Amino acid sequence: MLRRSQGWTGSGLIGSGVLGLGVFALCLLFAAPSKAQEIPPPLRDWQAWVLHDVPQHACPFLTSRMPGSGGYRCAWPGRLTLDVGKDGGRFRLDVHVDAPSWVALPGDGRHWPQQVSSNSQPAIVLQRQGQPMLWLTPGDYQLRGTLPWTSPPAQLRVPGTIGLVALSVDGKAVARVERDGDQLTLGEAAAAQRAADALAVRVYRRLDDGLPATLRTQLQFNVTGSAREQMVGPALPIGFVAIALASDLPARLDGDGRLRVQLRPGNWTVTLDARAVAPLARVALKLSAAPWPRQEIWSYADDTGLRSTRVEGNATDAAQAGVPDDWRRLPAYALDDAAGLTIETVTRGDEGGQGDQLRLHRQLWLDFDGHGLSIADHLSGELRHHQRLDVAAPWQLQRASQDGQPLLITQGENGRSGVELRDRKLDFDAGLRLAGDGGAIPTAGWKLPLEGIDANLHLPYGYRLLGAPGADRSPDSWVAQWSLLDLFIVALIALLAGRLLGWRWALLAAGFLMLAQHESGAPRWTLALVLALALLLRALPEGRLRLWARIGALAILALAVLWALPFAATELQYALHPQLERGASSMRAVQANFIEPPPPP
1329 MLRRSQGWTG SGLIGSGVLG LGVFALCLLF AAPSKAQEIP PPLRDWQAWV
1379 LHDVPQHACP FLTSRMPGSG GYRCAWPGRL TLDVGKDGGR FRLDVHVDAP
1429 SWVALPGDGR HWPQQVSSNS QPAIVLQRQG QPMLWLTPGD YQLRGTLPWT
1479 SPPAQLRVPG TIGLVALSVD GKAVARVERD GDQLTLGEAA AAQRAADALA
1529 VRVYRRLDDG LPATLRTQLQ FNVTGSAREQ MVGPALPIGF VAIALASDLP
1579 ARLDGDGRLR VQLRPGNWTV TLDARAVAPL ARVALKLSAA PWPRQEIWSY
1629 ADDTGLRSTR VEGNATDAAQ AGVPDDWRRL PAYALDDAAG LTIETVTRGD
1679 EGGQGDQLRL HRQLWLDFDG HGLSIADHLS GELRHHQRLD VAAPWQLQRA
1729 SQDGQPLLIT QGENGRSGVE LRDRKLDFDA GLRLAGDGGA IPTAGWKLPL
1779 EGIDANLHLP YGYRLLGAPG ADRSPDSWVA QWSLLDLFIV ALIALLAGRL
1829 LGWRWALLAA GFLMLAQHES GAPRWTLALV LALALLLRAL PEGRLRLWAR
1879 IGALAILALA VLWALPFAAT ELQYALHPQL ERGASSMRAV QANFIEPPPP
1929 P
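With my numbering, letter number 485 in the sequence shown gets 1813, and the count goes up by one each step, no holes.
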């Protein structure tokens, strides 16, 4: 801003005052949609100076884009009229421009627009991004030009920003205009692709309770036939005001509430966001004329932090009604002229005893000597009745942060360490330490009731988790990995060892198999075959069959020994040097899930 004040003389105080005045004027201009005549007289002379670097201030802004990311649309092409002949084509395009912008014209490098005029004045066509374009200042324009060629091409490039095209070939209007992206077919669409003009509309709405309540309307268009402009609506029920519009097709919401859409064949979606102008109690519809459907599907999402509600209406199955996937978990209702939606308040705020709603995601790392745990906690949810988080002994709180900002750890009245919170929505991270030689430890450590805990225990090399008592499931522990088939195999091999060598050996075999059942490379099936063949030798009489059985048993015994040697060497190596474990035997995270019910009232 200082660079634009060249030639200004005076003291630094005067320069600072001018700069502050300009900033103040800029804030006023963007704080509210004030008209030029509403600007205070002392600031009117500064308007052009303040807005010099923001020429797009008068352009509509796309709500789906972030400010500063090119979300403004300053040029709005209307209908393109194209008359194609043998020697060339003539086009006419109406354009409305809100700020200096580039406007793309039909044609390309091979068929370059010629004799182009803007409001009957010659215009210079420039090449930008490989396309013919005009640089236009704010205003309404009627662009005309020609497209010369020696023979008519099969297709002509027409920018995708132009939604409606009126095409005529040799003076005859083309009823079925065919477009494929930016390519326009210069002629009637193929007979196989012709279809009668038809339009099917489906309306889905999501109503979110709040202050104010918001309504998202999703219109699904199934279009066949020619490209055309269609008016539908009014698109919003009484009591709602539009705040945003997003569309796959060129669309505009008129002042009377009707939606003007430039249709072309295909399936398209238009999304309209609105807010309620009064607290919700009842929703009644007055359906618009065709092609508006005779029934709308509404999904309702309540806000338990604001109030608890009970909804009465014609309930329907969301999946059967084709509700968008993001809304299918919500209750759905079918609304028409006769059936509306009634919303009754049951409780407000925390009436009814709703407590804190918190979930804990925990990561635990066991020390290599097994004498302590380092913990990283993430608490998410909503605090309704507490403003302080404390941890109980033997847990030690070492660090804490909310929304990435460090928090001061203090001692409470009861001597517990904790932090003070001011935000109701919780996005809390903490580091804790738990010392000790094992034994039972408190599930959470936090002095608040939790809806659930998801925990991952990271074990050092050489450790295995036998079980996690108190967890509703711990799928990676040694106990949880056992199945009925594993128990049957261990029992069968132990039974074979007991029948062959005695029950003392059966207990030894069972102990070995229980420890080696889930270890990779353990000789289980070879041991079972050796024992089975040895028992078979006892039952067979002397003869050739007994001889072959003895040879098979010796071969399998040798195979079992050869199989067991590398397994034993590997296990011995891991026992001496646990850090050499790799792959599935490396440091692993064991998942456990806890559900802690809230305390009784």
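Glycine is no exception: its CB is placed at the ideal position from the N, C-alpha and C atoms.
All values derive from a computational prediction rather than experimental measurement.
Exercise. Should W1626 go down as buried or exposed, given a rule of 16 or more other Cβ atoms within 10 Å for buried?
Worked result: buried
For this session: Please go through the same chain and pick out, in chain order, the residues whose beta-carbon is closer than 7 Å to the beta-carbon of A1892, but skip the five residues on each side of it.
Result: P1851
Problem set entry | From A1541, W1377, P1722 and P1460, residue whose alpha carbon lies closest to that of A1602 | When each option's Cα is compared against that of A1602, the closest is A1541.
Exercise. CA-CA distance, K1414 and A1376?
Worked result: Using only the alpha carbons, I get a separation of about 50 Å.
For this session: Identify whether G1880 lies in helix, strand or coil by the three-state DSSP scheme.
Result: helix
Exercise. What do you get for Q1730, buried or exposed, if any count of 16 or more other CB atoms within 10 angstroms of its CB means buried?
Worked result: buried
Exercise. Just how far apart, CA to CA, sit R1472 and Q1443?
Worked result: 8 Å
Exercise. Relative to the C-alpha of P1593, which residue among A1574, P1652, F1568 and A1528 is closest?
Worked result: A1528
Problem set entry | Pick from K1614, L1701, S1702 and P1652 that is closest to D1665, judged by C-alpha positions | When only C-alpha atoms are compared, the closest one is K1614.
Exercise. What's the C-alpha gap between G1681 and R1687?
Worked result: Low per-residue confidence applies at G1681: pLDDT is 47, beneath 50, and the placement is therefore not dependable enough to give any value.
Exercise. Can you pull the DSSP bridge partners for W1891?
Worked result: Paired residue(s): none; W1891 is not in a bridge.
Exercise. So the alpha helix (DSSP H) G1826 belongs to, where does it begin and stop?
Worked result: L1812 to L1829
Exercise. Does the beta-carbon distance from L1760 to G1773 come in below 8 Å?
Worked result: yes
For this session: Enumerate, from N- to C-terminal direction, the unbroken alpha helix (DSSP H) stretches of 4 or more residues contained entirely within the segment 1405-1449.
Result: none
Problem set entry | Residue nearest to T1637 in terms of C-alpha spacing, selected from I1671, L1514, P1621 and A1643 | The shortest Cα separation from T1637 among I1671, L1514, P1621 and A1643 belongs to I1671.
Exercise. With C-beta atoms as the reference, is G1585 less than 8 Å away from A1563?
Worked result: Contact: yes.
Exercise. Taking the continuous beta strand (DSSP E) assigned at P1460, which residues delimit it?
Worked result: Here the beta strand (DSSP E) through P1460 covers Q1459 to L1464.
For this session: Helix, strand or coil for W1370, going by three-state DSSP, please let me know.
Result: Here residue 1370 is Pro; the residue named in the question, Trp, does not match the sequence. Three-state result, P1370: helix.
Exercise. Does DSSP classify G1746 as helix, strand or coil?
Worked result: strand
For this session: Hey, could you find the ends of the alpha helix (DSSP H) Q1648 is sitting in?
Result: According to the DSSP assignment, Q1648 belongs to the alpha helix (DSSP H) that extends over A1646 to A1649.
For this session: Answer with buried or exposed for T1465, where buried requires no fewer than 16 other C-beta atoms within 10 angstroms of its C-beta.
Result: exposed
Problem set entry | N- and C-terminal bounds of the beta strand (DSSP E) containing Q1726 | W1723 to Q1730
Exercise. For T1673, which three-state DSSP category applies?
Worked result: strand
Exercise. Using CA coordinates, which residue listed in V1807, T1673, Q1457 and T1489 is at the minimum distance from V1423?
Worked result: Among V1807, T1673, Q1457 and T1489, the Cα nearest to that of V1423 belongs to T1489.
Exercise. Tell me the DSSP bridge mates of I1490?
Worked result: Answer by DSSP bridge pairing: none, since I1490 is not bridged.
Exercise. Would you call the segment 1685-1702 and the segment 1638-1650 in contact, with 3 or more CB pairs under 8 Å?
Worked result: no
For this session: Given a cut-off of 8 Å, decide if W1620 and R1534 are closer than it, judged by their beta-carbon atoms.
Result: no
For this session: For D1536, collect the residues of the same chain with a Cβ closer than 6 Å to its Cβ; drop the 5 residues on either side in sequence, then sort them by chain order.
Result: T1542 and A1629
Exercise. In three-state DSSP terms, what is F1922?
Worked result: Below a pLDDT of 50, predicted positions are generally treated as unreliable, and F1922, at 49, falls in that range; the measurement from the model is reported next regardless. Here F1922 sits in strand by DSSP.
For this session: Could you tell me whether the segment 1496-1511 touches the segment 1404-1412, using the rule of 3 or more Cβ pairs below 8 Å?
Result: yes
Problem set entry | Assigned secondary structure, R1610 (DSSP; H/G/I helix, E/B strand, else coil) | Assigned with DSSP and collapsed to three states, R1610 falls in strand.
Exercise. How is W1833 classed by DSSP in three states: helix, strand or coil?
Worked result: Here W1833 carries a helix assignment [DSSP, helix/strand/coil].
Problem set entry | Beta carbon of P1434 nearer than 8 Å to that of V1486 | Yes; because the gap between Cβ atoms is below 8 Å, this pair is in contact.
Exercise. Residues in its own chain within less than 8 Å of R1792 by CB, not counting five upstream and five downstream?
Worked result: Excluding sequence neighbours, R1792 sits near W1806.
For this session: Name the one or two DSSP bridge partners that M1559 has.
Result: For M1559, the beta-bridge partners assigned by DSSP are R1588.
Exercise. From L1658, G1561, D1718 and L1577, pick the residue whose C-alpha is nearest to that of R1622; which is it?
Worked result: G1561
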